[in-house]
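Note that the working numbering gives residue 613 to position 162 of the sequence shown, counting from 1, and the numbers run on in steps of one. Cβ atoms here follow ideal geometry from the backbone N, Cα and C, with glycine treated the same way.
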Amino acid sequence: MNILIAAVGGQGAVLASKVLGKLAQNIGKDVKVSEVHGMSQRGGSVVAHVKFGDKIYSPVVEKGSADIVLAFELLEGARYTDYLKENGILISNTQKISPMPVIIGAVEYPKDIKQKIKEDNITAKFVDALDVAKQAGNIKTVNTVLIGLLAKNSPIEKDEWLKAIKETVPERFLEVNLKAFEMGYSLN
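If you want it as C-alpha coordinates, here you go:
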(Lines of atoms letter the chains of each structure in order from A and count residues from 1; the text may use other names and numbers.)
(Lines give C-alpha, C1' and ligand atoms only; values in the text may rest on other atoms or scores of the structure.)
Protein backbone atom coordinates (compact mmCIF):
# COMPACT_ATOMS: atom_id res chain seq x y z
CA MET A 1 0.00 0.00 0.00
CA ASN A 2 1.41 3.35 -1.07
CA ILE A 3 -0.14 6.42 0.52
CA LEU A 4 0.87 10.01 -0.09
CA ILE A 5 -0.37 12.54 2.46
CA ALA A 6 -0.61 16.11 1.14
CA ALA A 7 -1.36 18.90 3.57
CA VAL A 8 -0.62 22.42 4.69
CA GLY A 9 1.63 22.97 7.70
CA GLY A 10 -0.22 22.55 10.97
CA GLN A 11 -2.92 20.21 9.66
CA GLY A 12 -1.54 17.08 11.28
CA ALA A 13 0.15 15.26 8.38
CA VAL A 14 2.98 14.10 10.62
CA LEU A 15 0.60 12.58 13.17
CA ALA A 16 -1.39 10.93 10.38
CA SER A 17 1.77 9.36 8.95
CA LYS A 18 2.65 8.04 12.42
CA VAL A 19 -0.82 6.50 12.79
CA LEU A 20 -0.46 4.80 9.40
CA GLY A 21 3.05 3.60 10.28
CA LYS A 22 1.82 2.14 13.58
CA LEU A 23 -1.11 0.51 11.80
CA ALA A 24 1.24 -1.19 9.33
CA GLN A 25 3.52 -2.41 12.12
CA ASN A 26 0.57 -3.75 14.10
CA ILE A 27 -0.66 -5.84 11.17
CA GLY A 28 2.81 -7.26 10.61
CA LYS A 29 3.85 -5.33 7.52
CA ASP A 30 7.19 -3.85 6.63
CA VAL A 31 6.71 -0.08 6.67
CA LYS A 32 8.63 2.98 5.57
CA VAL A 33 7.54 6.53 6.37
CA SER A 34 9.18 9.55 4.84
CA GLU A 35 8.06 12.96 6.03
CA VAL A 36 8.95 15.71 3.63
CA HIS A 37 8.35 19.04 5.29
CA GLY A 38 7.81 22.17 3.28
CA MET A 39 7.45 25.63 4.70
CA SER A 40 5.15 24.33 7.39
CA GLN A 41 5.84 27.21 9.74
CA ARG A 42 4.33 29.51 7.09
CA GLY A 43 1.41 27.32 6.11
CA GLY A 44 3.29 25.80 3.19
CA SER A 45 2.97 22.36 1.67
CA VAL A 46 3.78 19.35 3.79
CA VAL A 47 3.98 15.92 2.22
CA ALA A 48 4.43 12.55 3.89
CA HIS A 49 4.99 9.22 2.15
CA VAL A 50 3.81 5.97 3.77
CA LYS A 51 4.54 2.61 2.19
CA PHE A 52 3.82 -0.79 3.66
CA GLY A 53 3.72 -4.37 2.47
CA ASP A 54 5.61 -7.65 2.76
CA LYS A 55 8.95 -5.98 1.97
CA ILE A 56 9.47 -2.28 1.31
CA TYR A 57 12.78 -0.99 -0.02
CA SER A 58 12.17 2.71 -0.64
CA PRO A 59 10.39 5.18 1.65
CA VAL A 60 9.28 7.42 -1.21
CA VAL A 61 6.03 7.02 -3.14
CA GLU A 62 6.90 7.56 -6.80
CA LYS A 63 4.65 9.33 -9.30
CA GLY A 64 2.08 6.94 -10.69
CA SER A 65 2.38 4.48 -7.78
CA ALA A 66 0.12 5.78 -4.98
CA ASP A 67 -2.88 3.69 -4.08
CA ILE A 68 -4.21 6.69 -2.19
CA VAL A 69 -3.50 10.39 -2.04
CA LEU A 70 -4.89 11.62 1.28
CA ALA A 71 -5.28 15.39 0.98
CA PHE A 72 -6.00 17.62 3.94
CA GLU A 73 -6.58 20.65 1.69
CA LEU A 74 -8.20 20.79 -1.75
CA LEU A 75 -5.40 22.42 -3.78
CA GLU A 76 -2.79 20.18 -2.13
CA GLY A 77 -4.78 17.17 -3.29
CA ALA A 78 -4.94 18.50 -6.85
CA ARG A 79 -1.18 19.07 -6.86
CA TYR A 80 -0.47 15.41 -6.21
CA THR A 81 -2.99 13.56 -8.40
CA ASP A 82 -0.15 12.56 -10.74
CA TYR A 83 1.13 10.34 -7.92
CA LEU A 84 -1.95 8.14 -8.17
CA LYS A 85 -1.63 4.84 -9.95
CA GLU A 86 -4.34 3.62 -12.29
CA ASN A 87 -7.39 2.91 -10.11
CA GLY A 88 -5.85 4.91 -7.25
CA ILE A 89 -8.12 7.08 -5.10
CA LEU A 90 -7.90 10.70 -4.03
CA ILE A 91 -9.49 11.26 -0.63
CA SER A 92 -9.63 15.01 -0.11
CA ASN A 93 -10.85 17.55 2.35
CA THR A 94 -12.76 20.34 0.59
CA GLN A 95 -11.20 22.99 2.83
CA LYS A 96 -9.35 25.75 1.00
CA ILE A 97 -6.30 27.32 2.62
CA SER A 98 -4.77 30.06 0.50
CA PRO A 99 -1.07 29.62 -0.24
CA MET A 100 1.26 32.61 0.04
CA PRO A 101 0.98 33.68 -3.64
CA VAL A 102 -2.81 33.91 -3.18
CA ILE A 103 -2.48 35.73 0.14
CA ILE A 104 -0.24 38.41 -1.36
CA GLY A 105 -2.50 38.78 -4.40
CA ALA A 106 -0.06 37.47 -7.02
CA VAL A 107 -2.49 34.77 -8.19
CA GLU A 108 -6.04 33.63 -7.51
CA TYR A 109 -6.94 30.39 -5.79
CA PRO A 110 -7.80 28.01 -8.67
CA LYS A 111 -11.49 27.65 -9.37
CA ASP A 112 -13.35 24.42 -10.10
CA ILE A 113 -10.64 22.14 -8.68
CA LYS A 114 -13.08 19.32 -7.97
CA GLN A 115 -14.51 19.54 -11.49
CA LYS A 116 -11.04 19.45 -13.07
CA ILE A 117 -10.14 16.38 -11.02
CA LYS A 118 -13.31 14.64 -12.18
CA GLU A 119 -12.61 15.63 -15.79
CA ASP A 120 -9.22 13.93 -15.47
CA ASN A 121 -11.10 10.69 -14.66
CA ILE A 122 -9.60 10.48 -11.19
CA THR A 123 -11.57 8.51 -8.64
CA ALA A 124 -12.06 10.96 -5.81
CA LYS A 125 -13.93 11.23 -2.56
CA PHE A 126 -14.44 14.78 -1.29
CA VAL A 127 -15.52 15.59 2.24
CA ASP A 128 -15.79 18.74 4.32
CA ALA A 129 -13.53 17.28 7.00
CA LEU A 130 -13.22 20.65 8.74
CA ASP A 131 -16.97 20.73 9.36
CA VAL A 132 -16.91 17.12 10.59
CA ALA A 133 -13.95 17.94 12.88
CA LYS A 134 -15.90 20.89 14.31
CA GLN A 135 -18.82 18.55 15.00
CA ALA A 136 -16.42 16.13 16.70
CA GLY A 137 -15.30 18.93 19.00
CA ASN A 138 -11.89 20.08 17.70
CA ILE A 139 -10.93 21.50 14.30
CA LYS A 140 -7.48 19.97 14.70
CA THR A 141 -8.96 16.52 14.13
CA VAL A 142 -9.36 17.03 10.37
CA ASN A 143 -6.54 14.50 9.95
CA THR A 144 -8.34 11.86 11.98
CA VAL A 145 -11.63 12.46 10.15
CA LEU A 146 -9.79 11.75 6.90
CA ILE A 147 -8.08 8.70 8.39
CA GLY A 148 -11.56 7.43 9.27
CA LEU A 149 -12.69 7.81 5.66
CA LEU A 150 -9.48 6.13 4.49
CA ALA A 151 -10.09 3.25 6.91
CA LYS A 152 -13.63 2.80 5.59
CA ASN A 153 -12.18 2.45 2.08
CA SER A 154 -9.44 -0.01 3.05
CA PRO A 155 -9.42 -3.79 3.53
CA ILE A 156 -7.91 -3.42 7.02
CA GLU A 157 -10.18 -4.14 9.97
CA LYS A 158 -11.57 -1.12 11.80
CA ASP A 159 -10.26 -2.39 15.16
CA GLU A 160 -6.69 -2.23 13.81
CA TRP A 161 -7.16 1.43 12.90
CA LEU A 162 -8.56 2.21 16.34
CA LYS A 163 -5.65 0.41 18.00
CA ALA A 164 -3.12 2.43 15.97
CA ILE A 165 -4.82 5.69 16.91
CA LYS A 166 -4.88 4.74 20.59
CA GLU A 167 -1.17 3.91 20.46
CA THR A 168 -0.20 7.10 18.63
CA VAL A 169 -2.40 10.02 19.67
CA PRO A 170 -1.50 11.70 22.97
CA GLU A 171 -3.88 10.72 25.78
CA ARG A 172 -5.28 14.24 26.30
CA PHE A 173 -6.46 14.33 22.65
CA LEU A 174 -7.47 10.69 22.31
CA GLU A 175 -11.20 10.94 23.02
CA VAL A 176 -11.88 13.71 20.47
CA ASN A 177 -9.70 11.95 17.87
CA LEU A 178 -11.56 8.67 18.34
CA LYS A 179 -14.83 10.55 17.88
CA ALA A 180 -13.47 12.24 14.73
CA PHE A 181 -12.30 8.88 13.37
CA GLU A 182 -15.74 7.35 13.92
CA MET A 183 -17.43 10.30 12.20
CA GLY A 184 -15.02 10.01 9.25
CA TYR A 185 -15.54 6.25 9.13
CA SER A 186 -19.31 6.76 8.85
CA LEU A 187 -18.91 8.88 5.69
CA ASN A 188 -19.22 7.39 2.20
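Residue i vs residue j beta-carbon contact at 7 Å
i      : j      : result
GLY495 : ASN594 : no
VAL497 : ALA557 : no
ALA467 : ILE456 : yes
GLY528 : SER509 : no
ALA587 : LYS630 : yes
VAL465 : GLU486 : yes
LYS473 : THR619 : yes
ALA615 : VAL596 : no
VAL578 : LEU638 : yes
Separation of residue j from residue i, as counted between CA atoms
i      : j      : result
ASN628 : TYR531 : 26 Å
TYR534 : ALA517 : 6 Å
LYS565 : GLU559 : 16 Å
LYS502 : VAL512 : 7 Å
LYS480 : LEU471 : 11 Å
ASN477 : SER549 : 37 Å
LYS536 : ARG623 : 38 Å
VAL553 : PRO561 : 9 Å
GLY515 : ASP571 : 14 Å
GLU608 : ALA475 : 12 Å
ASN589 : LEU613 : 18 Å
ILE555 : ALA522 : 24 Å
GLY461 : GLU611 : 26 Å
ASN604 : MET551 : 33 Å
ILE573 : ASP563 : 14 Å
For residue i, the residue or residues it bridges with in DSSP
i      : result
LEU455 : HIS500 and VAL520
ILE540 : ILE519 and THR574
ASP481 : GLY504
VAL487 : VAL498
LEU535 : ALA517
Cβ neighbours of residue i in the same chain (closer than 6 Å, five flanking residues each side left out)
i      : result
GLN546 : GLU524 and LEU581
GLY599 : PHE632, GLY635 and TYR636
MET452 : PHE503 and ASP518
ALA575 : LEU541 and ILE568
ILE507 : ASP481 and LYS483
ALA499 : ILE456, ALA464, SER468 and GLU486
GLY539 : ALA517 and ASP518
Cβ shell of residue i (< 7 Å), same chain only, five flanking positions each side left out
i      : result
LYS617 : LEU625
Beta-carbon contacts of residue i that lie in its chain and below 8 Å, excluding the five residues immediately before and after
i      : result
ASP505 : LYS480 and ASP481
Runs of beta strand (DSSP E) lying entirely within the segment 489-523, each at least 3 residues, in chain order: 496-504 and 517-522
Beta strand (DSSP E) segments (min. 3 residues) lying fully within the segment 558-588: 574-578
Contiguous beta strand (DSSP E) assignments of at least 3 residues, all confined to the segment 582-632: none
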